[in-house]
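S.K.: Dropping a structure here in structure tokens format, bear with me for questions.
Residue numbers (the working numbering): 421 to 520.
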């Protein structure tokens, strides 16, 4: 279910990319091309985050030493918070919340 939500969000961002950049320009005074770049960088992180379940699988290594096997289990830590700078109102939050 999380993946469907992220893919839908990604679709909405891609279809409204220029409108989001225009809002950033109007609200924060950024140059339009910089605002477009900010949205694009955020979208790239969300694309990465949609594949995060595959990265969280962990690893198994057999016989790292005599009669010793090694398992790596990745588990979420819980609630997170992000303090974001005013000069990147979209990109930095989009680096943080998709991973959470």
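Heads up, the beta-carbon is just placed ideally off N, CA and C, and yes, glycines get one too.
Going by alpha carbons, who is nearest to residue 504 out of 495, 515, 433 and 476?
M.R.: 515
S.K.: Tell me the residue span of the alpha helix (DSSP H) that contains residue 470.
M.R.: No alpha helix (DSSP H) holds residue 470; DSSP gives it neither H nor E.
S.K.: By Cβ distance below 8 Å, which residues in the same chain neighbour residue 508 in space, the five residues on each side in sequence not counted?
M.R.: 458
S.K.: Round the Cβ separation of residue 456 and residue 441 to the nearest angstrom and send it over; I've been treating them as touching at under 8 Å.
M.R.: 4 Å
S.K.: Going residue by residue through the stretch 470 to 520, where are the continuous alpha helix (DSSP H) segments of at least 4 residues, counting only ones entirely within it?
M.R.: 472 to 475 and 511 to 516
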